[in-house]
Amino acid sequence: MKKIFKIIFCLALSTMTLASCESDKLGDDGDLNAKEVALQAAVNPYIDNVVIPTYKGMADNALLLANVCNKMLEVGVNGITVDMVQQAQGYWLKSRDYWEKSEAFLFGAAADYNIDPHIDTWPLDHNKLQTILNLLKSGQDLEAADFGSGLLGYHSIEYMLFELSADGTTSSPRTTFDEVELVFLAAVADDLAAQCALLELAWAGKVSNEKQTLLNDAELEASRNYGLEMKNAGEAGSLYRTYQDAAEEIIDGCVTIADEVANTKMGAPYRGVNGQTDGDRNYIESPYSLNSIVDFVGNIISIDNVYAGKGVEGGTHTSISDYIKSVNPSLDTKVHTLIQESKTAISAIPEPFAKSAGSSTTKNAIDKVNELVTALENVASELAKNY
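Just so you know, we're using our numbering here: the sequence shown kicks off at 63 and counts up by one.
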C-alpha cells in the first residue's frame with residue numbers, strides 16, 4: 063500500500079530561498095511605530111488562534127477518516143457495515159468543515175505546495191474516475207493509472223462515501239464496494255490526511271508523531287515555517303517586510319475567498335442555469351453530500367474568524383478589525399454587518415444547491431457577498447494608508 067501511495071499521490075514540494083529584507087516598520091526611536099504595534103498585536107493571535115487550530119482540526123479529522131477507510135479495506139467487501147461508512151462520512155464532514163473555514167488563508171503553504179488544487183478540485187470528473195476504476199478492475203496496474211489531482215482529495219472521497227438519490231434530493235451512505243474501490247478509497251484518504259498534516263506542519267512547525275509518520279511515508283516535508291515568518295515580519299528569513307505587509311496579505315485572502323463564493327461557487331451555477339455563456343450549471347461544490355451551502359457559509363465564517371479575531375476553538379482576540387475600528391469605525395461596522403448578512407443570505411438557499419442555484423435567493427446571496435467583497439477591498443485600502 064505504501065508503494066502505491068507514494069507512486070500515485072506523492073506531491074512534489076517546491077523549495078524557496080528566503081530573502082532577508084530591510085525593515086521600514088520602525089519609528090524615529092528605533093521601536094515599532096504605532097501602526098506596526100497594532101498590526102503585530104493582530105497578526106500573532108491570528109496565527110495561534112485561527113490558522114494553526116483550523117489546520118490541526120482538519121488534519122485530526124482527516125487522519126481519523128483515513129483510519130476508518132483503511133479499516134474498511136481491512137475487513138473487505140463483505141465486512142463493511144453502514145456504521146463504518148457513516149463514521150467515515152462524519153469524519154469527512156468534520157475535516158471538510160475545517161477546510162472551508164481555512165479558505166480565507168489559502169496563501170502560504172496551501173498555494174506554494176499546490177495543496178489546494180490537490181485536495182479540493184471540483185467539480186469531480188466522476189466519469190473519468192469511474193472509467194479508471196473500471197480499467198483497474200479489469201486488471202490494469204494501479205500504479206500506472208492516470209490519477210491527476212482532480213481525482214483526489216475531498217471530492218473523490220465524497221463520491222465514494224455518499225450516494226445521491228436518482229432525483230438528487232437526498233444523500234445516503236454508500237454500502238456496496240468492490241476491492242479496487244476500497245484500495246482506492248484508503249489510498250486517497252491517506253493522501254488527504256498527509257496533505258492536511260503538511261498544512262499544519264507548515265504553519266505550526268511541528269505535528270503529532272502519528273502525523274509525522276504519515277508525512278514520512280508520503281515523503282512530504284515543509285521547507286518553511288509560515289507561522290514563524292509572519293510573526294517575525296521584518297526580520298531576516300521572513301517574506302514580510304512589515305506587519306502591514308502581513309496584514310494586507312491576510313485581508314487579500316479574505317477578499318479572494320469572498321469573491322470566489324459570490325462569483326464562482328454560487329455565481330457560475332447561477333449564471334449557467336440562467337443561460338449566461340460564462341456560467342456552468344454543473345459547477346457545484348460538494349454535490350454528493352448535499353453540503354454546498356454549509357461549504358459556502360464556512361467560507362464566510364473563515365472571513366469572520368480572520369477579520370473579527372474569533373478563535374476556532376472559542377474566544378476572541380485582537381484582530382485587524384480593532385485596527386480598522388481605530389481609523390475608520392464606520393467601515394469596521396459595515397464589514398461586521400455584511401459578514402453576518404452574508405451568512406444569513408447564503409443559509410436561506412435550500413439544498414440541493416444544484417436545484418436552487420438559479421433562484422432569486424441565490425442571486426440575493428451573490429449580491430450580498432459582493433457587497434462584502436467591496437467592503438473588504440476598502441479595508442485593504444485602509445491598511446495601505448499611512449496614519
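Positions of the beta carbon are idealized from the N, C-alpha and C atoms, including for glycine.
Enumerated in chain order, which unbroken segments of the alpha helix (DSSP H) with a length of 4 residues or greater are wholly contained in the stretch 365 to 397?
-> Here the runs fully enclosed are 382 to 389.
Start-to-end residues for the alpha helix (DSSP H) that takes in serine 351 | For this step, residue 351 is matched to residue 289 along the sequence shown. No alpha helix (DSSP H) holds serine 351; DSSP gives it neither H nor E.
Go ahead and pull the three-state DSSP assignment for proline 331.
-> By one-based count along the sequence shown, residue 331 stands at place 269. Proline 331: helix per DSSP, three-state reduction.
Quick one: what's got a C-beta closer than 6 Å to lysine 396's C-beta in the same chain, skipping five residues either side?
-> Taking the first residue of the sequence shown as position 1, residue 396 is located at position 334. The residues Ala437, in chain order, have a CB closer than 6 Å to that of lysine 396 in the same chain once the five nearest residues on each side in sequence are set aside.
Alpha carbon to alpha carbon, how far is glutamate 84 from histidine 180?
-> Residue 84 sits at position 22 when you count from the first residue of the sequence shown. Residue 180 sits at position 118 when you count from the first residue of the sequence shown. At glutamate 84 the pLDDT is 39, less than 50, meaning the model places this residue with poor confidence and gives no usable figure here.
Just tell me which of Leu127, Thr326, Val139, Gly377 has its CA closest to the CA of aspartate 429.
-> For the purposes of this step, residue 429 is taken as residue 367 along the sequence shown, with counting starting at 1. By alpha-carbon distance to aspartate 429, the top candidate from Leu127, Thr326, Val139, Gly377 is Thr326.
Looking only at DSSP bridge pairs, what is phenylalanine 224 linked to?
-> Within the sequence shown, numbered from 1, the residue matching residue 224 stands at position 162. Paired residue(s): Pro235.
Grab me the residues of serine 300's own chain with a C-beta within less than 7 Å of its C-beta, minus the 5 sequence neighbours each way, in chain order.
-> Here residue 300 refers to the residue found at position 238 of the sequence shown. Cβ contact annotation for serine 300 (same chain, cutoff 7 Å, sequence separation greater than five): Glu291, Asn294, in chain order.
Length of the line joining the Cα atoms of tyrosine 108 and threonine 380 = For this step, residue 108 is matched to residue 46 along the sequence shown. For this step, residue 380 is matched to residue 318 along the sequence shown. Distance from the CA of tyrosine 108 to the CA of threonine 380, rounded to the nearest whole angstrom, comes to 8 Å.
Touching by the beta-carbon criterion (3+ pairs, under 8 Å), the stretch 327 to 342 and the stretch 144 to 154 | No, because fewer than three Cβ pairs between the stretch 327 to 342 and the stretch 144 to 154 fall closer than 8 Å, the two stretches do not touch.
Given 8 Å, three or more beta-carbon pairs between the stretch 108 to 125 and the stretch 186 to 202 = Taking 8 Å as the limit for Cβ pairs, the verdict is that the stretch 186 to 202 does not touch the stretch 108 to 125.
Terminal residues of the continuous alpha helix (DSSP H) containing threonine 143?
-> In the sequence shown, counting from the first residue as 1, residue 143 sits at position 81. Run containing threonine 143: none; DSSP gives neither H nor E here.
Expected contact under 8 Å - CB spacing of serine 421 and tyrosine 350 to nearest Å | Walking along the sequence shown from the start, residue 421 turns up at place 359. Walking along the sequence shown from the start, residue 350 turns up at place 288. Wrong, their Cβ atoms sit about 21 Å apart, outside the cutoff.
Check whether the Cβ atoms of glutamate 225 and arginine 236 lie closer than 8 Å to each other.
-> Sequence index remark: in the sequence shown, residue 225 carries index 163 (1-based). Sequence index remark: in the sequence shown, residue 236 carries index 174 (1-based). Taking 8 Å as the Cβ cut-off, glutamate 225 and arginine 236 qualify as a contacting pair.
Inspect the CB distances between the stretch 170 to 185 and the stretch 372 to 392 and report whether three or more fall short of 8 Å.
-> With the cut-off at 8 Å, the stretch 170 to 185 and the stretch 372 to 392 do not touch.
Please classify threonine 399: does DSSP put it in a helix, a strand, or coil?
-> Locating residue 399 in the sequence shown gives position 337, counting from the first residue. The answer is helix: DSSP assigns threonine 399 an H, G or I state.
Count the other CB atoms within 10 Å of the CB of asparagine 367; is the residue buried (16 or more) or exposed (fewer)?
-> Along the sequence shown, read from residue 1 onward, the residue named residue 367 stands at position 305. By the 10 Å Cβ count, asparagine 367 comes out buried.
From Thr406, Gln306, Tyr369, residue whose alpha carbon lies closest to that of isoleucine 319 | Here residue 319 is taken as the residue at index 257 of the sequence shown, counted from 1. Of the candidates Thr406, Gln306, Tyr369, the one whose C-alpha sits nearest the C-alpha of isoleucine 319 is Tyr369.
When Leu135, Ser164, Pro412, Asp93 are compared against asparagine 111, the one with the closest alpha-carbon = Taking the sequence shown and counting its residues from 1, one reaches residue 111 at position 49. Residue Ser164 is the option with its Cα nearest to asparagine 111.
Contact under 8 Å by Cβ, threonine 183 with glycine 141 | As a first step, residue 183 is located in the sequence shown; it is residue number 121 there, counting from the start. As a first step, residue 141 is located in the sequence shown; it is residue number 79 there, counting from the start. No, they are not a contact pair.
Are cysteine 258 and serine 157 closer than 8 Å when you measure CB to CB?
-> In the sequence shown, the residue the question calls residue 258 occupies position 196. In the sequence shown, the residue the question calls residue 157 occupies position 95. Closer than 8 Å, so yes.
Have a look at serine 392 and threonine 143 and give me their C-alpha separation to the nearest angstrom.
-> If you number the sequence shown from 1, residue 392 lands on position 330. If you number the sequence shown from 1, residue 143 lands on position 81. When rounded, the distance between both Cα atoms is 55 Å.
Along the chain, where does the alpha helix (DSSP H) that runs through asparagine 132 open and close?
-> Along the sequence shown, one-based indexing puts residue 132 at 70. Segment 114 to 137, the alpha helix (DSSP H) holding asparagine 132.
Valine 317 vs alanine 228 beta-carbon contact at 8 Å = Within the sequence shown, numbered from 1, the residue matching residue 317 stands at position 255. Within the sequence shown, numbered from 1, the residue matching residue 228 stands at position 166. If you check the CB distance, valine 317 and alanine 228 do not come in under 8 Å.
Tell me whether tyrosine 175 sits in a helix, a strand or coil according to DSSP, three-state version.
-> In the sequence shown, the residue the question calls residue 175 occupies position 113. The answer is coil: DSSP assigns tyrosine 175 none of H, G, I, E or B.
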